[in-house]
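Trainee:
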Amino acid sequence: MLVAHFADTHLGKTLYNIHETMKQFIDHFEQAVEQALAEHVDAFIFSGDFFDERNPPNRVLKRAIEIVEKITGKGVTVFMVPGEHDRWTARDDSPLVLFRNVHTPGRDKYFIKKVSKNGREYVFTGLNYFYIRSSDEARQILHQYITEADKAAGHYDVLIMHQNIENYFPLDKGLSISNIPTTPRYVAMGHLHRRIIDKRTIEGKNQVLAYPGSIDIFNVEEAEEARRSGKGFYIVDLTPEEPIVHKINVETTPFEYVETSAKESEWKPKIAEAIARLGKQVNPGNKGVLYVKITMSTGETISLERIANFIIEEKKRKLPTSQELIFHKFRRELAPETLEKPGTTHPQPRGELNTLTDYLAKELGATPEEASKLAEHLSSLKEAFRQNDEELIEQILEELAKASFWTRIGIPEEYIKLEEAKPPARKSEPSTRKPSTLTDYFKR
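If you're matching positions, the sequence shown starts at 1267 in this note's numbering and goes up one per residue.
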């Protein structure tokens, strides 16, 4: 049995607010699906973040439905689990609910489905997405769900899930590899945007755990990853006892990143070389992106108009009849200024999370452990606001309110005075949910 394993397609995404890239990403996805169908696969697995958001544009929904119906119309089975970007919430369904003849967990914890091929039965188990960055308790609950699904499925072949595993990416909260059950022969993961194939032997059993990575280039780091390992999906042969995984590369958005100072003698040749490289990759159906980051010292100035005009002239020179095939974006930032003394050694730069931890420990008088946990919550809250995820914001705020050190610090007196000055609320139906005063404080 052959299975096409996709993940993190993020349909509806735009690259650096270049609107044309949204359509190009979907075009590339459709080409990838056609590649998989040409290999006569028996099933498709989409391991989360099929869409970039829970409310994708209608034109994206329409194209996505047409592409998936092209798969199911050929009698090919489709399995989907949601990711962080397109999951079910208490307030609304996932956009995945719009697909017909597709197996998803819906609002259940998991699904178990059987597919027959050449007289042999293959069992697929798909786990719903569960947000676990906010607390250790959430990770424990997810582990319980995995254990429950593992027992319910019995002997099964494939586990489908969208989560980080800290053994592969320790910078983000996630599961431990020890949380992955040993029963399935193939673990079809999503979430990490780079390719990983890990062949493991546990208790005498062979298991392959794999992340296919994202389908296209969504940022600078992924451009480097694409050069090293390619982008695409996997075709997995489940027939042998140890599944065989084939990497399939797909066409991606041509991307060039230029990091330069504000000195014209530096940015001119770097940009010219990048445009020359892009010129060899682009075509009318696959436009490229030039992303320029300019690092400036304090007091230094630069004319973006001058750079833009130079790029336009270079495109005319290198692509005389097709300048529109390359989009460009700029980013300016100040270089970190440091006062140095001769012979001074400098510590390694600390990440944003560590810097925030240090600040919170100093300002709030929290212990290092408390400050670290609070910093993680605030980082998650920032991401939740970016995604406009009201349910997740509510969840993280409630977790914040439970932090033990608030009992030492207390609620600011100014807030208490504001609350006392408020007019009495009108009588209404009693709420089944009673957030603490501290939770209400954080919301405000």
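Positions of the beta carbon are idealized from the N, C-alpha and C atoms, including for glycine.
Quantities reported herein were computed from a predicted structural model and do not represent experimental measurements.
Where does Phe1390 fall in DSSP's three states?
Mentor: Of the three classes helix, strand and coil, the one that applies to Phe1390 here is strand, per DSSP.
Trainee: Ala1476 by DSSP, collapsed to three states: which one?
Mentor: It is a strand residue.
Trainee: Please tell me whether His1457 and Gln1429 are closer than 8 Å, where the distance is taken between their beta carbons.
Mentor: Yes, these two residues count as a Cβ contact at 8 Å.
Trainee: Taking only runs of the beta strand (DSSP E) that begin and end inside the stretch 1279-1317, which ones reach a length of at least 3 residues, in chain order?
Mentor: Qualifying beta strand (DSSP E) stretches, in chain order: 1309-1313.
Trainee: Which whole-angstrom value describes the C-beta separation of Ile1592 and Leu1544, a residue pair presumed to lie in contact below a C-beta threshold of 8 Å?
Mentor: Ile1592 to Leu1544, Cβ: 5 Å. Contact.
Trainee: What's the gap between the Cα of Gly1551 and the Cα of Pro1506?
Mentor: Rounded to the nearest angstrom, the two C-alpha atoms are 39 Å apart.
Trainee: Could you check whether Phe1317 and His1271 sit closer than 8 Å to each other, using their CB atoms as the reference points?
Mentor: It is not a contact, given that the beta carbons lie outside the stated cut-off.
Trainee: With DSSP as the reference, identify every bridge partner of Tyr1557, one or two as the case may be.
Mentor: Beta-bridge pairing links Tyr1557 to Tyr1523, Lys1595.
Trainee: How long is the line joining the alpha carbons of Thr1711 and Ile1541, rounded to whole angstroms?
Mentor: A question about residue 1711 goes unanswered here, because the residues of the chain that appear run from 1267 up to 1710.
Trainee: Could you tell me which whole beta strand (DSSP E) segments of length 3 or greater appear in the stretch 1426-1514?
Mentor: Within the stretch 1426-1514, the complete beta strand (DSSP E) runs of at least 3 residues are 1452-1456, 1462-1468, 1471-1477, 1498-1503.
Trainee: The beta strand (DSSP E) that contains Thr1338, what's its start and end?
Mentor: Element bounds for Thr1338: not the beta strand (DSSP E) but the alpha helix (DSSP H), 1324-1338.
Trainee: Rounded to whole angstroms, how far is the Cβ of Ile1331 from the Cβ of Phe1365, which I believe are closer than 8 Å?
Mentor: That belief holds up - the Cβ atoms of Ile1331 and Phe1365 are roughly 7 Å apart, short of 8 Å.
Trainee: From the DSSP output, which residues share a beta bridge with Ser1382?
Mentor: BP columns for Ser1382 point to Glu1387.
Trainee: Express the C-alpha separation of Gly1498 and Asn1549 in angstroms, rounding to a whole number.
Mentor: Approximately 20 Å between the Cα atoms of the pair.
Trainee: Do the stretch 1320-1337 and the stretch 1518-1532 meet, that is, are 3 or more Cβ pairs less than 8 Å apart?
Mentor: Segments in contact, no.
Trainee: Assign Gly1420 to one of two classes, buried (16 or more other C-beta atoms within 10 Å of its C-beta) or exposed (fewer than that).
Mentor: Counting Cβ neighbours within 10 Å, Gly1420 comes out exposed, since fewer than 16 surround it.
Trainee: Report the residue from Gly1339, Leu1362, Asp1416 whose alpha carbon sits nearest the alpha carbon of Gly1349.
Mentor: Among Gly1339, Leu1362, Asp1416, the Cα nearest to that of Gly1349 belongs to Leu1362.
Trainee: Tell me which residues share the same chain as Ile1284 and place their Cβ nearer than 8 Å to its Cβ, disregarding the 5 neighbours each side in the sequence.
Mentor: Taken in chain order, the residues that qualify are Val1555, Phe1593, Lys1595.
Trainee: Relative to the alpha-carbon of Ile1426, which residue among Pro1586, Thr1587, Ala1273, Leu1626 has its alpha-carbon at the smallest distance?
Mentor: Closest by alpha carbon: Ala1273.
Trainee: Could you check the C-alpha separation between Lys1279 and Gly1470 for me, to the nearest Å?
Mentor: Each residue's Cα considered, the two are about 43 Å apart.
Trainee: Sort Leu1504, Leu1644, Val1486 by Cα distance to Arg1597 and report the nearest one.
Mentor: Nearest option by C-alpha distance: Val1486.
Trainee: Enumerate in chain order the residues of its own chain whose CB-to-CB distance from Ile1568 is below 8 Å, with the five nearest sequence positions on each side excluded.
Mentor: Excluding positions up to five away in sequence, the list reads Ala1528, Ile1560, Met1562, Arg1598.
Trainee: Quick test of your reading: Ile1398 and Ala1404, contact by CB under 8 Å. State the CB separation rounded to the nearest angstrom.
Mentor: Contact holds; Cβ gap of about 4 Å.
Trainee: If you follow the beta strand (DSSP E) that His1271 is in, where does it begin and where does it stop?
Mentor: Taken as a continuous stretch (DSSP letters only), the beta strand (DSSP E) holding His1271 covers 1268-1272.
Trainee: Taking the alpha-carbon positions, what's the Gly1372 to Val1516 distance?
Mentor: Those two C-alpha atoms are separated by around 30 Å.
Trainee: With 16 other CB atoms within 10 Å as the buried threshold, where does Asn1394 fall?
Mentor: Buried: at least 16 other Cβ atoms inside 10 Å.
Trainee: Considering only the alpha carbon of each residue, which of Ile1537, Ala1538, Phe1521, Gly1565 lies closest to Gln1547?
Mentor: Comparing Cα-Cα distances from Gln1547 to each of Ile1537, Ala1538, Phe1521, Gly1565, the minimum goes to Phe1521.
Trainee: How far does the alpha helix (DSSP H) with Phe1576 in it extend, from its first residue to its last?
Mentor: Segment 1570-1584, the alpha helix (DSSP H) holding Phe1576.
Trainee: Would you kindly work out how many angstroms separate the C-alpha atoms of Val1381 and Leu1622, rounded to a whole number?
Mentor: In a straight line, the C-alpha of Val1381 is about 49 Å away from that of Leu1622.
Trainee: Can you find the residues in the same chain that come closer than 6 Å, C-beta to C-beta, to Asn1367, ignoring five residues on each side of it along the sequence?
Mentor: Answer for Asn1367: Thr1338, listed in chain order.
Trainee: Between His1459 and Ser1480, which are expected to be in contact by the criterion C-beta below 8 Å, what is the C-beta distance as a whole number of angstroms?
Mentor: With 8 Å as the limit, His1459 and Ser1480 qualify as a contact, their Cβ atoms being about 4 Å apart.
Trainee: Would you tell me roughly how many angstroms separate the C-alpha atoms of Phe1390 and Arg1583, rounded to the nearest one?
Mentor: Rounded to whole angstroms, Phe1390 to Arg1583 spans 54 Å at the Cα level.
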